[in-house]
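Residue numbers (this note's numbering), protein chains in the order written: chain W, 2 to 113; chain Z, 597 to 709.
The following block contains the structure:
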């Protein structure tokens, strides 16, 4: 079982709709959770971090965390073509707090 | 403010050679982490350094080594290069060690022929 799992996609969403990206993790003691956006040929860009159960909103982005279900999600409202990218879920565990474990990413495509 | 910088941007090496990659963190950040990313995969953790000490090591062979300097910049060294070492090498900067936010540099694209 992979430590951080994401659907590789591609996930195709019409412009203006809500894009929903999901991630599960295996280490129950994980404490910190991140979403990165990576455009083709570029490095990952941090867009959201979440540390406690519930929702965290930042502009058009909402991160959701459910530690009991070991599940993290990212919602993108009013999707724009510029949101087309690969979204990486990343998890940092208390047992090995110095490293961040990444999923393989979900490729998101926003169609006009 | 300057972000994380890495050099060189691209590098082509031959099998068996040695390579040194360099990273300067965001001003005020004391921790540097190194990751390897191959096409279609997420970044894989190699090392984390904080205050010049190694704080974490991923599942990479001893051919990979790193160090951090008093100004918090860092070098990643890879000896005896293999074709499989071809990847994007990413440096990430954070305020401290532990599970905090990390900010990536533009990366160094290494090609081993």
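Yeah, the Cβ is synthetic: ideal placement off N, Cα and C, and Gly gets one too. Remember, predicted model here, so these are calculated numbers, not experimental data.
Ordered along the chain, which non-local residues of its own chain (more than five positions away) have a Cβ less than 6 Å from that of residue i?
i: residue 92 of chain W; result: 5, 26, 31, 34, 102
i: residue 613 of chain Z; result: 677
i: residue 51 of chain W; result: 34, 57, 64, 66
i: residue 23 of chain W; result: 74
i: residue 693 of chain Z; result: 627, 646, 651
i: residue 84 of chain W; result: 77, 111
By the criterion of Cβ-Cβ separation under 8 Å, what are the contact partners of residue i in chain Z?
i: residue 45 of chain W; result: 639, 686, 700
i: residue 55 of chain W; result: The contacting residues do not exist; residue 55 of chain W stays about 18 Å from chain Z at best.
i: residue 62 of chain W; result: None at all; the shortest Cβ gap to chain Z is about 15 Å.
i: residue 50 of chain W; result: 697
Rounded to the nearest angstrom, how far is the Cβ of residue i from that of residue j, given a contact under 8 Å?
i: residue 700 of chain Z; j: residue 44 of chain W; result: 4 Å
i: residue 18 of chain W; j: residue 12 of chain W; result: Contact doesn't hold; Cβ gap of about 11 Å is too wide.
i: residue 107 of chain W; j: residue 7 of chain W; result: 5 Å
i: residue 644 of chain Z; j: residue 651 of chain Z; result: 5 Å
i: residue 615 of chain Z; j: residue 670 of chain Z; result: Incorrect: roughly 14 Å between the Cβ atoms, too far for contact.
i: residue 649 of chain Z; j: residue 626 of chain Z; result: At roughly 11 Å, the Cβ-Cβ gap does not stay under 8 Å, so residue 649 of chain Z and residue 626 of chain Z are not in contact.
i: residue 94 of chain W; j: residue 638 of chain Z; result: So it is not a contact: roughly 15 Å between Cβ atoms.
Can you determine whether any heavy atom of the ligand GTP sits closer than 7 Å to the C-beta of residue i, and answer yes or no?
i: residue 704 of chain Z; result: This structure lacks the ligand GTP; in fact it carries no ligand of any kind.
Determine the DSSP secondary structure at residue i, reduced to helix, strand or coil.
i: residue 59 of chain W; result: strand
i: residue 679 of chain Z; result: helix
i: residue 15 of chain W; result: strand
i: residue 21 of chain W; result: strand
i: residue 115 of chain W; result: Given a span of 2 to 113 for chain W in the structure shown, any question on residue 115 of chain W remains unanswerable.
i: residue 690 of chain Z; result: strand
i: residue 669 of chain Z; result: coil
i: residue 661 of chain Z; result: strand
i: residue 80 of chain W; result: coil
i: residue 620 of chain Z; result: strand
i: residue 648 of chain Z; result: coil
i: residue 643 of chain Z; result: strand
i: residue 626 of chain Z; result: coil
i: residue 5 of chain W; result: strand
i: residue 94 of chain W; result: strand
List, in order along the chain, the chain W residues whose C-beta lies closer than 7 Å to that of residue i?
i: residue 703 of chain Z; result: 44
i: residue 654 of chain Z; result: 100
i: residue 649 of chain Z; result: Per Cβ cutoff of 7 Å: no residues; residue 649 of chain Z is ~11 Å from chain W at best.
Under 9 Å Cβ-Cβ, which residues of chain Z neighbour residue i?
i: residue 103 of chain W; result: 631, 633, 637, 638, 639, 640, 641
Using the beta-carbon of each residue, which ones in chain Z are nearer than 7 Å to residue i?
i: residue 89 of chain W; result: 638
i: residue 106 of chain W; result: 638
Which residues in the same chain have their Cβ closer than 8 Å to the Cβ of residue i, if we skip the five residues on either side of it in sequence?
i: residue 610 of chain Z; result: 677, 708, 709
Can you give me the Cβ contacts of residue i inside the same chain, cut-off strictly under 7 Å, excluding the 5 residues immediately before and after it?
i: residue 683 of chain Z; result: 632, 633, 634, 706
Subject >> Uninterrupted beta strand (DSSP E) stretches inside the stretch 32-58 of chain W (no shorter than 3 residues) >> reply: 46-51
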